[in-house]
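Asks: One structure, as structure tokens, below. Some questions next.
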Amino acid sequence: MIAIPLLGLGTWPLTGADATDSVRSGIESGYRLIDTAAIYDNEVAVGAGIAESGVPRDDLFVTTKLRGSDQVSGDIRGAIERSLDRLGLERLDLFLIHWPLPRLDRYVAAFEGMLACRDAGLVRYVGVSNFLEKHLRRVVAETGEAPAVNQIQMDPSLTRLPVRRANDELGVLTQSWSPLGRGDVLSAPAVGEIAQRLDCTPAQVVLAWHRAQGVVPIARSADPVRRQENLAAVDIRLAPADVDALNRLDRGESAARDVETEEHF
Ligand SMILES: NC(=O)c1ccc[n+]([C@@H]2O[C@H](COP(=O)([O-])OP(=O)(O)OC[C@H]3O[C@@H](n4cnc5c(N)ncnc54)[C@H](OP(=O)(O)O)[C@@H]3O)[C@@H](O)[C@H]2O)c1
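Everything in the sequence shown is counted per the numbering used here, starting at 859 for the first residue and increasing by one.
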């Protein structure tokens, strides 16, 4: 079972000083899980924020992701070493395959390469992102190991039940990206009603909805006050009826991104 903080700090699309400031002040205010990716072009800036925070490395949980071009080349060890070099770290906590890219059929080989990096001590846990049930099952069948994490797009308007069920069945922790629906879901009346009743903010209600279902959200805000507000959501508990009310905002799986065809390199 993976040991991981309850809430992560997202860094996309921040770059340069904005990313460094966000990471440094986020860690200073209490965030311990930092999420970046090679393709965000901000690993150097994120690493600077980690160093400037002064928090001991072992108190932090740092995630980055394998970009598509490295999945295709198959040089997984080179990719992780380059990410470590940019971040200024000797070891990652979590390394994810960023997208499955099924057309290229390289994700099982990439996962094998990541397992070898884990066994060599370059990373504590390896996982995937944007995988559907069939991609997960293939990885497990062909490598004999389940990813520690599957990071998927999820918010109350995209509940992603089919892939979450597969994650649960295979012992894969669900992390959610765009957990606030990039802000869009915060104005839903059901969210506002619960926020008013619990005397908290709409963003806190939505983050508590993720937590109530055992999901670790990776939320991003450029605003230090909002980052603090989001962090405080880990103390908010939703009643099952409130979780159900938010689940009714679901627009269905067809509203999710099409990972069978979406490609990023
Ligand atoms: N694995 C993947 O493929 C993948 C894809 C996309 C993203 N991600 C990761 O997931 C992270 C989060 O996703 P995201 O950035 O797309 O979306 P998000 O966290 O759902 O939403 C961010 C938006 O919500 C606003 N916001 C944040 N806190 C708020 C609050 N308390 N009240 C009101 N508005 C608030 C932010 O505005 P302000 O900045 O103005 O506060 C920003 O516009 C990314 O940063 C990245 O690390 C992963």
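Glycine included, C-beta positions come from ideal geometry on N, C-alpha and C.
Roughly how many whole angstroms lie between the Cα atoms of P1082 and D876?
Replies: Using only the alpha carbons, I get a separation of about 12 Å.
Asks: Under the three-state reduction of DSSP, which class applies to A1080: helix, strand or coil?
Replies: Coil at A1080, not helix or strand.
Asks: Answer yes if the stretch 1083-1092 comes into contact with the stretch 1058-1065, meaning at least three C-beta pairs across the two stretches below 8 Å, and no otherwise.
Replies: yes
Asks: Taking the alpha-carbon positions, what's the E939 to V1074 distance?
Replies: 26 Å
Asks: Just to confirm the assignment: which complete alpha helix (DSSP H) runs, minimum length 4, are found wholly within the stretch 1002-1035?
Replies: The stretch 1002-1035 contains these whole alpha helix (DSSP H) runs: 1019-1028.
Asks: Could you tell me if Q1054 is buried or exposed, where buried requires 16 or more neighbouring beta carbons within 10 angstroms of its beta carbon?
Replies: exposed
Asks: Indicate, with yes or no, if ligand 1 has a heavy atom lying under 7 Å from the CB of L1044.
Replies: yes
Asks: Taking the Cβ atom as the reference point for each residue, do D1108 and L1016 lie within a distance shorter than 8 Å?
Replies: Taking 8 Å as the Cβ cut-off, D1108 and L1016 qualify as a contacting pair.
Asks: With C-beta atoms as the reference, is I892 less than 8 Å away from V881?
Replies: yes
Asks: To the nearest angstrom, how far is it from the Cα of G926 to the Cα of H956?
Replies: About 7 Å.
Asks: Quick one: is H1122 buried, meaning 16 or more other Cβ sit within 10 Å of its Cβ, or exposed?
Replies: exposed
Asks: CB of I1094 to nearest heavy atom of ligand 1: below 7 Å?
Replies: Outside the cutoff, so no.
Asks: In angstroms with no decimal places, state the Cα-to-Cα distance between P1098 and L1104.
Replies: Roughly 10 Å between the two C-alpha positions.
Asks: Taking only heavy atoms of ligand 1 into account, decide whether any of them is closer than 7 Å to the Cβ of I934.
Replies: Checking every heavy atom of ligand 1 against the Cβ of I934, none is found closer than 7 Å.
Asks: Let me confirm a value: S911 is counted as buried when at least 16 other C-beta atoms fall within 10 Å, else exposed. Which label applies?
Replies: buried
Asks: Which residues does DSSP list as the beta-bridge partners of V984?
Replies: F953
Asks: Considering only residues of the stretch 925-973, which uninterrupted beta strand (DSSP E) runs meet the minimum length of 3 residues and lie entirely inside it, listed in chain order?
Replies: 950-955
Asks: Just to confirm before moving on: does the CB-CB distance between R944 and V902 stay below 8 Å?
Replies: yes
Asks: Could you pull the DSSP bridge partners for P1075 from this structure?
Replies: S1034
Asks: When every heavy atom of ligand 1 is checked, does at least one fall within less than 7 Å of the C-beta of N900?
Replies: no
Asks: With burial defined as no fewer than 16 other Cβ atoms inside 10 Å of the residue's Cβ, what is the status of V930: buried or exposed?
Replies: Answer is exposed; the Cβ neighbour count stays below 16.
Asks: Nearest-angstrom Cα distance between G1039 and G971?
Replies: 32 Å
Asks: Is any non-hydrogen atom of ligand 1 found closer than 7 Å to the C-beta of Q1009, if you look at the structure I gave you?
Replies: Annotation for Q1009 indicates a beta carbon within 7 Å of some heavy atom of ligand 1.
Asks: Find the nearest neighbour of G932 within the set N988, A974, P1037, V1092, judged by alpha-carbon distance.
Replies: A974
Asks: Using CA coordinates, which residue listed in P1020, I1052, V997 is at the minimum distance from S1112?
Replies: P1020
Asks: I'd like to check one pair, I1076 with Q1009: are the Cβ atoms closer than 8 Å?
Replies: yes
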